[in-house]
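Trainee: Counting from 1 along the sequence shown, just add 130 to a position and that's the residue number in the working numbering. Before we start, here is the structure in question, set down as structure tokens.
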Amino acid sequence: MKVKQIIMEEQKKSIKANNKKGYQKTISIRFPDGTIVLEQTAIGTFKKCLKKIGFYKVAKFKSILFKGYPLVGLEKRTDGNQKWQDYEDGWYIYSYISNKDKIRVLNRLSDDLHLGLIIKEEHLIL
């Protein structure tokens, strides 16, 4: 694992030296059944993971709130800018959070709902 991490760091340095971004930060999620969710963006992975878990199951999870709104719910946030939530399949997903918070939330969901998810930050080479 450390060798892979060192190689990734060297690749990042090389990319920066060439004045190109060259990689995209995202997250990967492995389910106990072997399914791996890995999209090019963290928000894409986050939403796909929540959909696989089931929006209805996540909506029942009330211990994490964002400005009084649940992670997944039927209520649209109406105060100010509408960028806070994405709408998918009839559900509002609180999505405007950092990648670290996405990982933290998914780990908490995994623990509290006994999902057995393995969540990692990833850097996709473009």
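Ideal Cβ positions, reconstructed from N, Cα and C, are used throughout, including at glycine.
I need the DSSP call for Phe196, collapsed to helix, strand or coil.
Mentor: Mapped onto the sequence shown, residue 196 falls at position 66. Reduced to three states, the DSSP call for Phe196 is strand.
Trainee: Let me know if Thr156 comes out buried or exposed under the rule of 16 or more other beta-carbons within 10 Å of its beta-carbon.
Mentor: Indexing the sequence shown from 1 puts residue 156 at position 26. It counts as buried.
Trainee: Exposed or buried, Ser228, counting other C-beta atoms within 10 Å across all chains shown (16 or more means buried)?
Mentor: Here residue 228 corresponds to residue number 98 of the sequence shown, with the count starting at 1. The residue in question, Ser228, is exposed, as its Cβ has fewer than 16 Cβ neighbours within 10 Å.
Trainee: When the distance is taken between beta carbons, is Trp221 closer than 8 angstroms to Val235?
Mentor: Here residue 235 refers to the residue found at position 105 of the sequence shown. Here residue 221 refers to the residue found at position 91 of the sequence shown. The answer is no: Cβ separation not under 8 angstroms.
Trainee: How would you call Lys232, buried or exposed, if buried means at least 16 neighbouring beta carbons within 10 angstroms?
Mentor: Position 102 of the sequence shown, counting from 1, holds the residue named residue 232. With 16 or more Cβ atoms within 10 Å of its Cβ, Lys232 is classed as buried.
Trainee: Quick one: grab the DSSP three-state call for Asp231.
Mentor: In the sequence shown, the residue the question calls residue 231 occupies position 101. Asp231: helix per DSSP, three-state reduction.
Trainee: What residue range is occupied by the uninterrupted beta strand (DSSP E) comprising Tyr226?
Mentor: To locate residue 226, count along the sequence shown from 1; it is residue 96. Note, Tyr226: premise wrong, no beta strand (DSSP E); not H, not E.
Trainee: What's the C-alpha gap between Thr171 and His253?
Mentor: Translated into the one-based positions of the sequence shown, residue 171 becomes position 41. Translated into the one-based positions of the sequence shown, residue 253 becomes position 123. Computed Cα separation, rounded: 10 angstroms.
Trainee: Along the chain, where does the alpha helix (DSSP H) containing Thr208 start, and where does it finish?
Mentor: To locate residue 208, count along the sequence shown from 1; it is residue 78. Thr208 -> no alpha helix (DSSP H), and no H or E assigned at all.
Trainee: Which residue spans inside the segment 158 to 195 form an unbroken alpha helix (DSSP H) run of at least 4?
Mentor: Correct list: 172 to 183, 185 to 190.
Trainee: Are the beta-carbon atoms belonging to Tyr199 and Tyr224 less than 8 angstroms from one another?
Mentor: On the sequence shown, residue 199 is found 69 positions in, with the first residue counted as 1. On the sequence shown, residue 224 is found 94 positions in, with the first residue counted as 1. The answer is yes: Cβ separation under 8 angstroms.
Trainee: From what residue to what residue does the beta strand (DSSP E) around Asp216 run?
Mentor: Here the question's residue 216 lines up with position 86 in the sequence shown. 215 to 218 is the span of the beta strand (DSSP E), which, as asked, contains Asp216.
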